[in-house]
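Below is one structure, written out as structure tokens, with a few remarks after it.
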């Protein structure tokens, strides 16, 4: 069957009279459920036939659908036909093997079926008694995963800590920030609320700033500490200490630090141990956001990136990013669950019960923002059991190896450079403008006698991209010891802007074609293209094709504009 071509044979195969008034009739559920499974199986089978990035214009769907709700029921066949005709054109295909944008949202059979089972049970497990299995399974799988990550025992239920499944990192950060805020205000008094300060870096996810705003932190007391290419855009402990001391001198009160393992722009790794040491000196709550990279820490060769986590108060990762578990599933561990409970608990009479009063059970409603909660642990349990530690590690490593493959393609073409070193499965690169060095040929482009960007991978002791600050194009704004005058700085700025515009055009051209989808970021004033490997269906052939697409579009743009 052609991709989602709902032909007569398909309709006849599944069609039957639906003459019951019961919206949960078991046999009709079975029939329609089989149709949806067949639809999705065909979707995955044929997903490469679709442009990865949706090509529709804003407002397209309102023009296609009726203006009001149908008065009479419509058949599942009619609805699915509309999904095929009207919804799919507006879908960006996150499960496509040629999806290399943002961070992955890796699905799996186990994750999907666990989600289906959770939806089928449709329990609202706000406290233990509302569905004991939902609470107890969550506690178990959070300890399982915590042990896989070799988290300190103090983060596990077995060590008086504990884990909870949130929707997203945005929720996890807000919950921990509110807990930290209230913990501090109980000590210093609520009249000092306006003095509390929250710290991150200029690479920290925007969810921290949003959480600070929601939690009532004075906007002028939010610190996004500047990072530099010389530290691979990680947060410097010295810079943190300097910012804290400055705030203390100004009569402010340091409250909360969000350190990141795998930043969104470049997957930079903040040095947890050193940052936690600084935070400890001043009594800050430390939250570690490992939304993307936390999953890969189940591999022994990557576990070191969270060394020092024992000094943090809370730690989170998104299993729905790179761990085969469908959205949404953010795993949050805390050393002191009572801090969350004191800030987030509500105990109205209509929720009182003997189990809660006994204090022998966990009521997860008190660990999160909302009262109602889904049975998320089922899908994570399915994933952990269906694939096991060994297969999950293999899955993650395969993506890292494919990212290395793409990185090798970039370094072998002297028209391109790796902007920052690859840490996991994201490659940050750009094409170089022929104007970068006043028209000097690519092959002759040099910086202090070294080949531009060290495209052959040999850096004479420096990591790719000259992270000691001597980068092609001088990304930190400094030239190689010559000409700090204003005119020279302006000249460098013009060259960088020219290269940034070239890469904007390149990325737009690539994505518009629909064969692959990548996204960008800006770091140190540089427009970088991000190539994020992580789709469940991706294979080496898709990475090879993606690089060919990049080269084809670069060839066209360079020949047209230069």
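Numbering (the working numbering), first residue to last: 157 to 718. Glycine included, each C-beta is placed from N, C-alpha and C at the ideal position. Bear in mind that the values here come from a model prediction, so they are computed numbers and not experimental data.
Asked: Heavy atom of the ligand ZN within 8 Å of residue 699 beta-carbon; Found: No copy of the ligand ZN appears in this structure; indeed no ligand is present at all.
Asked: Residue 288 in three-state terms, based on DSSP; Found: helix
Asked: Host alpha helix (DSSP H) of residue 191 (start-end); Found: 182-202
Asked: Run of the alpha helix (DSSP H) containing residue 368, from where it starts to where it stops; Found: 363-370
Asked: Cβ contact check for the stretch 460-472 and the stretch 434-443: 3 or more pairs under 8 Å; Found: yes
Asked: Three-state class that DSSP yields for residue 529 in the structure shown; Found: coil
Asked: DSSP beta-bridge partners of residue 255; Found: 673
Asked: DSSP state of residue 326 mapped onto helix, strand, coil; Found: helix
Asked: Continuous beta strand (DSSP E) stretch holding residue 356: start and end; Found: 352-357
Asked: Length of the line joining the Cα atoms of residue 557 and residue 567; Found: 15 Å
Asked: Complete runs of the beta strand (DSSP E) confined to the stretch 469-524 [at least 3 residues]; Found: 470-474, 486-490
Asked: Residue 665 and residue 589 closer than 9 Å at C-beta; Found: no
Asked: Proximity winner among 431, 432, 486, relative to residue 451 (alpha-carbon distances); Found: 486
Asked: Status (buried if at least 16 other CB within 10 Å, exposed otherwise) for residue 362; Found: exposed
Asked: Test item: CB-CB of residue 393 and residue 434 under 9 Å; Found: yes
Asked: Supposed contact pair residue 482 and residue 402 - C-beta distance, whole angstroms, cut 8 Å; Found: The pair is not a contact, with the Cβ atoms about 44 Å apart (cut-off 8 Å).
Asked: Segment contact, 8 Å Cβ cut-off, at least three pairs: the stretch 288-296 with the stretch 518-531; Found: yes
Asked: Supposed contact pair residue 713 and residue 663 - C-beta distance, whole angstroms, cut 8 Å; Found: Contact flag wrong, Cβ pair sits at about 10 Å.
Asked: Cβ contact (3+ pairs, closer than 8 Å) linking the stretch 238-257 and the stretch 683-696; Found: yes
Asked: One or two residues paired with residue 425 in a DSSP bridge; Found: 417
Asked: DSSP beta-bridge partners of residue 682; Found: 679
Asked: Element boundaries [alpha helix (DSSP H), containing residue 238]; Found: 232-238
Asked: Supposed close pair residue 559, residue 582 - CB separation, criterion 8 Å; Found: 7 Å
Asked: DSSP bridge partner residues for residue 380 (one or two, in chain order); Found: 356
Asked: Helix, strand or coil at residue 465 [DSSP, three-state]; Found: helix
Asked: Residue interval of the beta strand (DSSP E) (run including residue 578); Found: Careful: residue 578 lies outside any beta strand (DSSP E) and carries neither H nor E.
Asked: Under 9 Å between C-beta atoms of residue 262 and residue 500; Found: no
Asked: Supposed contact pair residue 290 and residue 533 - C-beta distance, whole angstroms, cut 8 Å; Found: 7 Å
Asked: First through last residue of the alpha helix (DSSP H) which encompasses residue 709; Found: 696-717
Asked: Buried or exposed by the 16-neighbour rule on C-beta atoms within 10 Å, applied to residue 565; Found: buried
Asked: Top-ranked residue by Cα proximity to residue 706, from 196, 580, 315, 668; Found: 668
Asked: Assumed close pair residue 474, residue 325 - CB separation to whole angstroms, cut-off 8 Å; Found: 6 Å
Asked: Separation of residue 528 from residue 339, as counted between CA atoms; Found: 25 Å
Asked: Close-in-space but distant-in-sequence residues of the same chain around residue 749 (CB under 6 Å, 5 per side omitted); Found: Residue 749 lies beyond the residue range present for the chain, which begins at 157 and ends at 718; the question has no answer from this structure.
Asked: Interface flag, residue 275 vs chain D, CB-CB below 9 Å; Found: Protein chain content of the structure displayed is limited to a single chain, and chain D is not contained in it.
Asked: Residue 226, DSSP secondary structure in three states; Found: coil
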